[in-house]
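K.L.:
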Amino acid sequence: MITKGTRILVIDDEIEIRRLLKVALSGHGFDVKGAATGRDGLDDIIAFKPELVILDLGLPDLNGLEVLKNLREWSGVPVIILSVKGQENDKIFALDAGADDYVTKPFGMGELLARIRAALRHAAGTEDEPVLVFDDLTIDLARRYVTVNSREIRITPTEYELLKILALNAGKVLTHRHLIRAVWKMTYEYDTHSLRVYIGQLRRKIESDPSYPRHIITEPGVGYRLL
Amino acid sequence: MIYEKKTDWYTTSSNLNGQKRGRMTVFLGVSAGAGKTYAMLDAARERLAEGVDVVVGWVDTYGRMETEALLKGLPALARRRLVYRDKEFEEIDLNAILDRRPALVLVGNLAHNNIPGSRHTHRYQDVEELLAAGVNVYTTINIQHIETLNDIVTRITGVAVKETVPDKFLESAFQIQLVDIPPEELIQRLKDGKVYVPGQDEEALRRFYRPGNINALRELALRYTAKRVGHTLETYMEDHRIEGPWPTGDRIMVCVSPSPFSAQLIRMAKRTAEGMKAEWLAVYVETPRRFPPNEAERDLLARNLQLAVDLGAETITLTGNDIAGELLELAKKRNVSQILIGKSLHTAFWEWTRSSVADNLTHRSSGVGIYVIPNKPKPEKQKKLHFPTLRIPLINYLLPLMTMALVTILAGLVYPYVGLANVAMLLILPILFSAVKWGTGPAVAAAVVCSLTFDYFYIPPVLGFIPADLPYLLSLVVFIIVALLTGTLSGRLQQQVISSRQRETRMAALYSLSRDIAAVSEINPAMEIVARRISETTDSQVAVLLLDQSGKLELRAGASSQDFLNDSELAAAEWSFENGEIAGRGTETLSSAVGLYVPLRTEQYSQGVLGIKLESKEQRLQLEQRRLLEAFANLTSLLVTRIKLAELARESHLVAESERLRTALFDSLSHDLRTPLASIIGAVTSLLEGEGFFSPEASYDLLQTIKQGALRMNRFVGNLLDMAELESGLIRLNKDWCDIREIIGVAVRDMKDLLRDRPLRVKVSPDLPLVKVDFVVLEQVLVNLLDNAIKYSDTGSEICISASYDNKQVKITVTDNGQGIPTGDLDHVFDKFYRLKSPRQVSGTGLGLAICKGLIETHEGSIWASNNPSGGLDVSFILPLGEAVPNNPSCIYGEENNDH
Numbered sequence: 011m012i013t014k015g016t017r018i019l020v021i022d023d024e025i026e027i028r029r030l031l032k033v034a035l036s037g038h039g040f041d042v043k044g045a046a047t048g049r050d051g052l053d054d055i056i057a058f059k060p061e062l063v064i065l066d067l068g069l070p071d072l073n074g075l076e077v078l079k080n081l082r083e084w085s086g087v088p089v090i091i092l093s094v095k096g097q098e099n100d101k102i103f104a105l106d107a108g109a110d111d112y113v114t115k116p117f118g119m120g121e122l123l124a125r126i127r128a129a130l131r132h133a134a135g136t137e138d139e140p141v142l143v144f145d146d147l148t149i150d151l152a153r154r155y156v157t158v159n160s161r162e163i164r165i166t167p168t169e170y171e172l173l174k175i176l177a178l179n180a181g182k183v184l185t186h187r188h189l190i191r192a193v194w195k196m197t198y199e200y201d202t203h204s205l206r207v208y209i210g211q212l213r214r215k216i217e218s219d220p221s222y223p224r225h226i227i228t229e230p231g232v233g234y235r236l237l
Numbered sequence: 039m040i041y042e043k044k045t046d047w048y049t050t051s052s053n054l055n056g057q058k059r060g061r062m063t064v065f066l067g068v069s070a071g072a073g074k075t076y077a078m079l080d081a082a083r084e085r086l087a088e089g090v091d092v093v094v095g096w097v098d099t100y101g102r103m104e105t106e107a108l109l110k111g112l113p114a115l116a117r118r119r120l121v122y123r124d125k126e127f128e129e130i131d132l133n134a135i136l137d138r139r140p141a142l143v144l145v146g147n148l149a150h151n152n153i154p155g156s157r158h159t160h161r162y163q164d165v166e167e168l169l170a171a172g173v174n175v176y177t178t179i180n181i182q183h184i185e186t187l188n189d190i191v192t193r194i195t196g197v198a199v200k201e202t203v204p205d206k207f208l209e210s211a212f213q214i215q216l217v218d219i220p221p222e223e224l225i226q227r228l229k230d231g232k233v234y235v236p237g238q239d240e241e242a243l244r245r246f247y248r249p250g251n252i253n254a255l256r257e258l259a260l261r262y263t264a265k266r267v268g269h270t271l272e273t274y275m276e277d278h279r280i281e282g283p284w285p286t287g288d289r290i291m292v293c294v295s296p297s298p299f300s301a302q303l304i305r306m307a308k309r310t311a312e313g314m315k316a317e318w319l320a321v322y323v324e325t326p327r328r329f330p331p332n333e334a335e336r337d338l339l340a341r342n343l344q345l346a347v348d349l350g351a352e353t354i355t356l357t358g359n360d361i362a363g364e365l366l367e368l369a370k371k372r373n374v375s376q377i378l379i380g381k382s383l384h385t386a387f388w389e390w391t392r393s394s395v396a397d398n399l400t401h402r403s404s405g406v407g408i409y410v411i412p413n414k415p416k417p418e419k420q421k422k423l424h425f426p427t428l429r430i431p432l433i434n435y436l437l438p439l440m441t442m443a444l445v446t447i448l449a450g451l452v453y454p455y456v457g458l459a460n461v462a463m464l465l466i467l468p469i470l471f472s473a474v475k476w477g478t479g480p481a482v483a484a485a486v487v488c489s490l491t492f493d494y495f496y497i498p499p500v501l502g503f504i505p506a507d508l509p510y511l512l513s514l515v516v517f518i519i520v521a522l523l524t525g526t527l528s529g530r531l532q533q534q535v536i537s538s539r540q541r542e543t544r545m546a547a548l549y550s551l552s553r554d555i556a557a558v559s560e561i562n563p564a565m566e567i568v569a570r571r572i573s574e575t576t577d578s579q580v581a582v583l584l585l586d587q588s589g590k591l592e593l594r595a596g597a598s599s600q601d602f603l604n605d606s607e608l609a610a611a612e613w614s615f616e617n618g619e620i621a622g623r624g625t626e627t628l629s630s631a632v633g634l635y636v637p638l639r640t641e642q643y644s645q646g647v648l649g650i651k652l653e654s655k656e657q658r659l660q661l662e663q664r665r666l667l668e669a670f671a672n673l674t675s676l677l678v679t680r681i682k683l684a685e686l687a688r689e690s691h692l693v694a695e696s697e698r699l700r701t702a703l704f705d706s707l708s709h710d711l712r713t714p715l716a717s718i719i720g721a722v723t724s725l726l727e728g729e730g731f732f733s734p735e736a737s738y739d740l741l742q743t744i745k746q747g748a749l750r751m752n753r754f755v756g757n758l759l760d761m762a763e764l765e766s767g768l769i770r771l772n773k774d775w776c777d778i779r780e781i782i783g784v785a786v787r788d789m790k791d792l793l794r795d796r797p798l799r800v801k802v803s804p805d806l807p808l809v810k811v812d813f814v815v816l817e818q819v820l821v822n823l824l825d826n827a828i829k830y831s832d833t834g835s836e837i838c839i840s841a842s843y844d845n846k847q848v849k850i851t852v853t854d855n856g857q858g859i860p861t862g863d864l865d866h867v868f869d870k871f872y873r874l875k876s877p878r879q880v881s882g883t884g885l886g887l888a889i890c891k892g893l894i895e896t897h898e899g900s901i902w903a904s905n906n907p908s909g910g911l912d913v914s915f916i917l918p919l920g921e922a923v924p925n926n927p928s929c930i931y932g933e934e935n936n937d938h
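Those protein sequences? They're chains A and B, same order as listed.
With positions in the first sequence counted from 1, the corresponding number in this note's numbering is that position plus 10.
With positions in the second sequence counted from 1, the corresponding number in this note's numbering is that position plus 38.
(1) Ends of the beta strand (DSSP E) at B/E626?
(2) Which two residues bound the contiguous beta strand (DSSP E) that contains B/K381?
(3) Just checking my contact of B/V35 with B/L677 at CB under 8 Å: how many whole Å lie between their CB atoms?
(4) On the DSSP letters alone, give me the boundaries of the beta strand (DSSP E) that B/P918 sits inside.
(5) Assess contact between the region 848-856 of chain B and the region 818-830 of chain B, defined as three or more Cβ pairs (one per stretch) separated by less than 8 Å. Is contact present?
(6) Any residues in the region 782-797 of chain B with a beta carbon nearer than 8 Å to a beta carbon of chain A? Which ones, in chain order?
(7) Just the C-alpha distance for B/G783 and A/L205, rounded to the nearest angstrom, thanks.
(8) If I measure Cβ to Cβ from A/A107 and keep anything under 7 Å in the same chain, skipping five residues before and after, which residues do I get?
(9) Helix, strand or coil for B/P412, going by three-state DSSP, please let me know.
(10) Any beta-carbon of chain A closer than 8 Å to the one on B/F602?
(11) Show which residues of chain E have a CB atom less than 7 Å away from the CB atom of A/G231.
(12) So A/P116 contacts chain B; which residues on that side make the cut at Cβ distance below 9 Å?
(13) So for B/F732, helix, strand or coil by DSSP?
(14) Have a look at B/E281 and B/R309 and give me their C-alpha separation to the nearest angstrom.
(15) Check this for me: beta carbons of A/A192 and A/L236, under 8 Å apart or not?
(16) Answer with buried or exposed for B/H401, where buried requires no fewer than 16 other C-beta atoms within 10 angstroms of its C-beta.
(17) Measuring only from the beta carbon, is B/Y549 closer than 7 Å to any heavy atom that is part of the ligand FAD?
(18) In angstroms with no decimal places, state the Cα-to-Cα distance between B/R59 and B/V143.
(19) Determine the chain B residues that contact A/T157 at a beta-carbon separation under 8 Å, and present them in chain order.
(20) Any idea which residues DSSP pairs B/K849 with across the strands?
(21) At a cut of 8 Å, does the region 211-221 of chain A reach the region 157-167 of chain A through at least three beta carbon pairs?
(22) Is it buried or exposed for B/N180, if we count other Cβ within 10 angstroms and need 16 for buried?
(23) What's the gap between the Cα of B/F731 and the Cα of B/Y738?
(24) Give the list of continuous beta strand (DSSP E) stretches no shorter than 3 residues that lie fully inside the region 113-188 of chain A.
(25) State the Cα-Cα distance for the pair B/L940 and B/R750, rounded to the nearest angstrom.
(26) For B/S644, which of helix, strand or coil comes out of DSSP?
(27) Where in the region 167-197 of chain B do unbroken runs of the alpha helix (DSSP H), each at least 4 residues long, occur, reported from the N-terminal end onward?
(28) Looking only at its own chain, which residues have a Cβ that is under 7 Å from the Cβ of B/R328, when we skip the five neighbours before and after it?
(29) Given this structure, state the Cα-to-Cα distance separating B/A521 from B/G502, to the nearest angstrom.
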């Protein structure tokens, strides 16, 4: 799925972060370029044509969100946001504004690589297979059929919708608002209560230990992702 | 007589070269015959004995034996002879002295005017030349010859003096030696013919040498010398940079009495004390009198004593019968050098019948200066004080007359049986009764009517006045005396009853106010209470104005500007505040104001003003009311002081607390940031410098060290940020419906590295409802609690998270199996930077639990710690369930039937 030499643009004002990502990601076969400001970054997206952008939210000139909105007007390149703890609202904004994922500083390299792969995979749009497999969890989209450990589970239509939207965006974080809009068609936009209830029910059905879920992962204050 | 003690100035001076100015010692006497020349010669002989080159330039002995005897041993220079208007005169031979250049020359009678034809017109000019040439001079002068004192002396003695010496010249003297002599001795010497004053006849001399004159001159001389001593002392202190004032040990005492004149006396004492740089006492001697001082007197006395305090005196109240004795006793004890006492000028008869305290004091004092300040009574001034006047209504005169008539009729009935003497006795009764009931005036009226009735009805001829009745006037006199005595006595009694009743009312009002404000610690409610209380007690509108931050008066409680506090009223309040005196309506100051203003002040501070608008129509404030208001004002200012001091104490406590926290923060920062940094830098440099030297396992360990150190720093920084956010109040909660199970799951996931070798048990009620909380915040709390539990319990021991609920709240507890903590520390574990003094070396910031407390409190929950029975620690928090869980969308349950 990931070809060698995939171009990644890192937009971060801190030289240590740019150098770290350049060294670490180059080691994993990526072609990495750094930009120190939002304007440079936007220029580089045109010149360098990256296949993925890693964007820091706190930039000296343009706000990371502005950069994101600007580039989303003319580019669908996957964007992973770098943020710090406590910026949950910014993360939600960024995700709703078209970012694909986020990592919180300080982050482990394994975590970042997983996000990069998920974003690239999602961007490749190869997931038109009718059956999605996540270890013991299988979702047959054509037949609306869900199995855990090859055993079919009883699932309500709403639960199914929820699971389907998570599965189609596997590895990517979906905000509460996104999920509610997608599942309830905006009827219950602000009703996270129902979302929590359905997530709980789904977990009880598909997770081996609902207290420590392996598939439906909570992103505190932001949303959920399916692994 | 005062003799100069041996001084060493002389010898030092003699060693200096001739260009150095000579020093002058002046022997100052009260008058001729005081013994100046004697003293000068005596001192000169001592100098001579010391080996100093002493020469007599000019000394008049006037043929006095003792003086001449002293002069004999001293080397003298010949006098210069001059002829003026065919007469031969002798003068000081200046050139001879200058040629001779002695170390010390004696020149008597400094005030002498030289004969025309001399070099200078005045002798002091000769002396000046000698001094300029470096010759030291001993000289003599009488007090009346000092220029500025000349007038005063003339006024005292009636003798004009033409020869004077300018003060400026005398001020240049190195030393002024006072030659004092008691008046008796001086007069005796005059009688003995030992005093000779040229050009004065005997009669004039006798007029001059009177004890009064001599004493006055003595005082002048003493004061002059004292001033000079004071001046010398100041110069000395300035020269030697000694910070004054030096206690001279002198004290001035002023006797205070309940009279308006006393205030004048107190001010005078203050001026005197200032001039002398002395301490001063204001003393009042209370005597057990037959009648206690009336209200007005007590008021004046208190005012006078307060004035003394304000002016810086120490006030003392003594009790005793013998006022003069008490005063002198105290004077002796406190080293008082002067007593100021006032004395009213009375008629000769008054003086003859009784001796005043001042006279008594003067007679019995010894060694203490008594200054009696006469006072002419000023009745018009006293009138300004307002006493409640008892106006006797007309009915009070009619009633005694009616009583009189009744008794007369009664007496007429019994007269035939009891006789004239008893009738007279009977007629005294209505007089007594009237005196007690209606006062002196009606009683006197009754007495007059009574004696007339007695004469008219009972003295023959009945029903008529004849000259033969005149002896019966005696009965009239007796009746009037009875009326006056009884009336006065009962009047006094009544006055006392009234005043004690008033006192009681005042005490009750003050008591209830002080009881009300005892527990108040906030200024505004306190002022409200004060305003309300005073308003109720005095039936008035009350405003409390206090000084604000910018030093302006600000209305804090009570009436508003709509009521009466307009600009001109505020100006009156301002005046009262600035002058510390009562002002406004009913007083002598700004009496056109509507309100009355009483300053609120304690000894150190002026705090504000109490404004009162009395409802009564009376123009004048009654003394009693005024005292009550002043008592209220006193109480209020004490209250304000108390509250302000309490506030100050609180503030300083806060400052100390924040200081402690700052110190703790810096300790924590330096420790908790440097420790992980040290391990990171150490590990990194090892790896960099020992390239290829470490085995893969060792490298991995070093990298793990770096990772742990970095994570630890990350946690610490996170804690600091959380704390800062909490403290700044910037934290904004994103409350949303959350599943506690989910929060626990995420917290455990975050802590999975640290929980690796810990059995973890999670007990959650199966039907635990969703709660509306901030997910991230609550997760943070759980992470901190887990972190804490891991730190304070042994590796391998179980940690338990439990969650339960009732209809009001959710309770979550994190339990460890560690050592627990001492009971006394249970409350403190949530304090910032608080760390257990345990032998375990636990790395922590001391912030984790403090943050938990802060975060839980933002959720209106509470958190506490307790030791559990198995020995470990429970940290529990509860969160209110708050709003009801909304009904789930019905479709959820409806869907269950349409399962796939």
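Beta carbons: idealized from backbone N, C-alpha and C, even for Gly.
Computed from a prediction, not measured in an experiment: that's the story for all the values here.
P.N.:
By the coordinates alone:
(1) On the second sequence, residue 626 of chain B is found 588 positions in, with the first residue counted as 1. No beta strand (DSSP E) holds B/E626; DSSP gives it neither H nor E.
(2) Here residue 381 of chain B refers to the residue found at position 343 of the second sequence. 374-382 is the extent of the beta strand (DSSP E) around B/K381.
(3) Shown here, chain B extends from 39 to 938; a query on residue 35 of chain B therefore has no answer.
(4) Position 880 of the second sequence, counted from the first residue, corresponds to residue 918 of chain B. First-last of the beta strand (DSSP E) with B/P918: 911-918.
(5) yes
(6) So the close ones are I782, G783, V784, V786, R787.
(7) Numbered from 1 along the second sequence, position 745 holds the residue referred to as residue 783 of chain B. Numbered from 1 along the first sequence, position 195 holds the residue referred to as residue 205 of chain A. Straight-line Cα distance between these residues: approximately 17 Å.
(8) As a working mapping, residue 107 of chain A is identified with position 97 in the first sequence. By the criterion of a C-beta distance shorter than 7 Å, A/A107 is surrounded in its chain by L75, L78, K79, R82, once the five residues flanking it on both sides are discounted.
(9) For the purposes of this step, residue 412 of chain B is taken as residue 374 along the second sequence, with counting starting at 1. It is a strand residue.
(10) Indexing the second sequence from 1 puts residue 602 of chain B at position 564. Using beta-carbon distances, B/F602 does not count as an interface residue toward chain A, since no partner is under 8 Å.
(11) The question asks about chain E, but that chain is absent: this structure's protein chains are A and B.
(12) Taking the first sequence and counting its residues from 1, the one referred to as residue 116 of chain A is at position 106. Those are A748, L749, N752, listed as they occur along chain B.
(13) Numbered from its first residue, the second sequence carries residue 732 of chain B at position 694. Correct three-state label for B/F732: coil.
(14) Taking the first residue of the second sequence as 1, we reach residue 281 of chain B at position 243. Taking the first residue of the second sequence as 1, we reach residue 309 of chain B at position 271. Residue placement at B/E281 cannot be trusted, given a pLDDT of 46 that sits under 50; what the coordinates show is reported in the next sentence. So the alpha carbons of these two residues sit roughly 22 Å apart.
(15) To locate residue 192 of chain A, count along the first sequence from 1; it is residue 182. To locate residue 236 of chain A, count along the first sequence from 1; it is residue 226. Their beta carbons are not under 8 Å apart, which means A/A192 does not touch A/L236 by this criterion.
(16) Position 363 of the second sequence holds residue 401 of chain B. By the neighbour-count rule (16 or more Cβ atoms within 10 Å), B/H401 is not buried but exposed.
(17) This structure lacks the ligand FAD; in fact it carries no ligand of any kind.
(18) Start at 1 with the first residue of the second sequence, and residue 59 of chain B comes out as number 21. Start at 1 with the first residue of the second sequence, and residue 143 of chain B comes out as number 105. Computed Cα separation, rounded: 14 Å.
(19) Here residue 157 of chain A refers to the residue found at position 147 when the first sequence is read from its first residue. Residues of chain B with a Cβ closer than 8 Å to the Cβ of A/T157 do not exist; the shortest Cβ-Cβ separation is about 12 Å.
(20) Numbered from 1 along the second sequence, position 811 holds the residue referred to as residue 849 of chain B. B/S842, B/I916, per the DSSP bridge assignment.
(21) yes
(22) If you number the second sequence from 1, residue 180 of chain B lands on position 142. Classification for B/N180: buried.
(23) Within the second sequence, numbered from 1, the residue matching residue 731 of chain B stands at position 693. Within the second sequence, numbered from 1, the residue matching residue 738 of chain B stands at position 700. B/F731 and B/Y738: Cα-Cα distance of roughly 13 Å.
(24) 141-144, 147-150, 155-158
(25) The question about residue 940 of chain B has no answer, for chain B in this structure spans 39 to 938.
(26) For the purposes of this step, residue 644 of chain B is taken as residue 606 along the second sequence, with counting starting at 1. B/S644 falls in the strand class under three-state DSSP.
(27) 185-195
(28) As a working note, residue 328 of chain B is residue 290 in the second sequence. For B/R328, the predicted structure reports a pLDDT of 44, less than 50, and the residue's modelled location is therefore unreliable. The matter cannot be settled from this model.
(29) Taking the first residue of the second sequence as position 1, residue 521 of chain B is located at position 483. Taking the first residue of the second sequence as position 1, residue 502 of chain B is located at position 464. The straight-line gap from Cα to Cα measures roughly 25 Å.
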